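A.B. asks: Just so we're aligned, residue 655 is where the sequence shown starts under this note's numbering, counting upward by one. Glycine is no exception: its CB is placed at the ideal position from the N, C-alpha and C atoms. Keep in mind it's a predicted model, so treat the numbers as computed, not measured. Okay, here's the structure, questions in a sec.
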Amino acid sequence: MEDKKRELFNLAVKLETNICRLYIFYRDHFTEEGSFWAKMAEEESHHASIVELAGEYYDKFPQELIYSNAENLKKVNRDIEEKIKKYAEKPPSRREAYEYAYNLENSAYEFHFQNVVSKKSESREIKRLKELNKDDRDHAERIKKLLERPGTV
Ligand SMILES: [Fe+2]
Ligand SMILES: [Fe+2]
655 MEDKKRELFN
665 LAVKLETNIC
675 RLYIFYRDHF
685 TEEGSFWAKM
695 AEEESHHASI
705 VELAGEYYDK
715 FPQELIYSNA
725 ENLKKVNRDI
735 EEKIKKYAEK
745 PPSRREAYEY
755 AYNLENSAYE
765 FHFQNVVSKK
775 SESREIKRLK
785 ELNKDDRDHA
795 ERIKKLLERP
805 GTV
């Protein structure tokens, strides 16, 4: 059981890191929105540290708080890694890239220990994970605005 939790945390850190790598590609490739993606990448890198830190206390983490499932996390990590490779060979259109990010943010939200939101106890780690949940909703919103901004895609 403990190993399972450890694995979930590792996969969740990897997810944040992969999303960060994707946004660094966007930052460098879609230079008109370079600062938007630079900021997003920075926040994802911060998420990776939060999850990593929370993972140090994984043994104290109540199992029911961990909504994620290792198979889903592995799958989404693989998907992002393949996308980055594919995009590097053949850069995507803005629309394709931004829609992919939008969908990813909506799904990343699912993986972020969804159940912590309803948790009453407020340890520092739980508070941080709650913020992470909020952040991902915010990221999806920000990308949506970018997609809807006239002339962007
Ligand atoms: Fe994130
Ligand atoms: Fe995000």
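1) With the cut-off set at 8 Å, would you say I704 and L758 are in Cβ contact?
2) When a residue counts only if its C-beta is closer than 6 Å to some heavy atom of ligand 1, which residues count, in chain order?
3) Using DSSP with H/G/I as helix, E/B as strand and the rest coil, what is N611?
4) Does the distance between the C-beta of E785 and the nearest non-hydrogen atom of ligand 2 fall short of 7 Å?
5) My output table needs one value for Y711: the three-state DSSP class, helix, strand or coil.
6) Since E785 is in the alpha helix (DSSP H), which residue starts that stretch and which ends it?
C.D. replies: If we stick to the structure as given:
1) no
2) E670, I673, E698, H701, A762 and D790
3) This structure leaves residue 611 out entirely; the chain is present only between 655 and 807.
4) no
5) coil
6) R778 to E802
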